[in-house]
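Residue numbers for the sequence shown follow numbering that gives the first Met the number 0, beginning at 0 and rising by one. Structure record follows, encoded as C-alpha cells.
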Amino acid sequence: MSDDITELVVACVRGEWSKRMSGFRRLFGIVPPGLAELEGSLERMRILRNGSAHSFGRTPTYFEDPLASAGASERISEDLLLEYLGNIEKAAIAIDEHILPAHLGEFDLISLYHSWQKLPRAEKEPRYLEATAFSRQINRLFGQTPGRLFCRDLIAYYNRLR
Numbered sequence: 000m001s002d003d004i005t006e007l008v009v010a011c012v013r014g015e016w017s018k019r020m021s022g023f024r025r026l027f028g029i030v031p032p033g034l035a036e037l038e039g040s041l042e043r044m045r046i047l048r049n050g051s052a053h054s055f056g057r058t059p060t061y062f063e064d065p066l067a068s069a070g071a072s073e074r075i076s077e078d079l080l081l082e083y084l085g086n087i088e089k090a091a092i093a094i095d096e097h098i099l100p101a102h103l104g105e106f107d108l109i110s111l112y113h114s115w116q117k118l119p120r121a122e123k124e125p126r127y128l129e130a131t132a133f134s135r136q137i138n139r140l141f142g143q144t145p146g147r148l149f150c151r152d153l154i155a156y157y158n159r160l161r
C-alpha cells in the first residue's frame, strides 16, 4: 500500500472517534449518518478499552510508587455491554452499507471467474454463452446472480486485466 493511502486508512482506525470520522470523510466522501450518530458511544468505548488495556499490561516499575497497582478496571453492567455490542454492530452495518456498493469492487466474483474459466468447456454448461454459463454458476453457488449482462461486463473487465 502506498504511503498516501496508508495515511488515509490509518486516519480511519486510530485515535479519537472525531478524528476517525474526519479520516473516513476524507477517504470515502461522507460519514454515514448511522455511524455519525454513534460517535459518542464509540468514543466512550475507546476510552474504556484503552484504560483497561493500558493498565493491564503495565509493570509495577511503570508507576512512581512500585507498590502501587494499576487499580481495578472500570466495571460495566451487562446492559451497558449489550448496548455497546449493539452499537458496534450498528456501526459495522452503517460502514458496510456505505462502502460495499460505492467503493468495493467485485473481487470475489472476479476470483471465482478466474478459477472457473480454467475449467474444460464441457464442465461449464457448453450449450450456453460464457456470460450466461458463468451467471448460472454464480446462481448455483450463492442462490442468486447479478445477471447475464453483469457477468458479460465482468468477463470483459477480467480480460482487459490480462
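Beta carbons: idealized from backbone N, C-alpha and C, even for Gly.
Three-way DSSP call (helix, strand, coil) for residue 118 in this model
On the sequence shown, residue 118 is found 119 positions in, with the first residue counted as 1. The answer is coil: DSSP assigns residue 118 none of H, G, I, E or B.
Integer Cβ distance of residue 47 from residue 73, believed to fall under 8 angstroms
Working through the sequence shown from its first residue, we reach residue 47 at position 48. Working through the sequence shown from its first residue, we reach residue 73 at position 74. About 6 angstroms; that satisfies the 8 angstroms criterion.
Give the range of the alpha helix (DSSP H) segment to which residue 163 is assigned.
Nothing can be reported for residue 163, as the shown portion of the chain is limited to 0 through 161.
Can you tell me the Cα-Cα spacing of residue 14 and residue 80, whole angstroms?
Residue 14 sits at position 15 when you count from the first residue of the sequence shown. Residue 80 sits at position 81 when you count from the first residue of the sequence shown. Whole-angstrom Cα-Cα distance: 22 angstroms.
Proximity winner among 150, 88, 142 and 24, relative to residue 128 (alpha-carbon distances):
Looking up residue 128 in the sequence shown gives position 129. Looking at the Cα atoms, 150 is the closest of the given residues.
Do residue 120 and the ligand SAM come close, with the Cβ less than 7 angstroms from some heavy atom?
The ligand SAM is not among the ligands present in this structure, which contains no ligands whatsoever.
Rounded separation between residue 29 and residue 102 - CA only
Translated into the one-based positions of the sequence shown, residue 29 becomes position 30. Translated into the one-based positions of the sequence shown, residue 102 becomes position 103. Between residue 29 and residue 102, the C-alpha separation is close to 12 angstroms.
7 angstroms Cβ shell around residue 0 - same chain, five flanking residues per side excluded
Within the sequence shown, the letter at position 1 stands for residue 0. Residue confidence for residue 0 is low, a pLDDT of 45 falling below 50, so the modelled location carries little weight and cannot support an answer.
Taking only the alpha-carbon atoms, compute the straight-line gap between residue 145 and residue 75 and give it to the nearest angstrom.
Translated into the one-based positions of the sequence shown, residue 145 becomes position 146. Translated into the one-based positions of the sequence shown, residue 75 becomes position 76. Rounded to the nearest angstrom, the two C-alpha atoms are 45 angstroms apart.
So for residue 24, helix, strand or coil by DSSP?
Within the sequence shown, the letter at position 25 stands for residue 24. Note: residue 24 maps to helix in three-state DSSP.
What three-state label does DSSP hand residue 18 in the structure shown?
Here residue 18 corresponds to residue number 19 of the sequence shown, with the count starting at 1. If DSSP states are grouped into helix, strand and coil, residue 18 belongs with the helices.
Would the beta-carbon of residue 108 fall within 8 angstroms of that of residue 153?
Locating residue 108 in the sequence shown gives position 109, counting from the first residue. Locating residue 153 in the sequence shown gives position 154, counting from the first residue. A contact, by the Cβ cut-off of 8 angstroms.
How is residue 142 classed by DSSP in three states: helix, strand or coil?
Here the question's residue 142 lines up with position 143 in the sequence shown. If DSSP states are grouped into helix, strand and coil, residue 142 belongs with coil.
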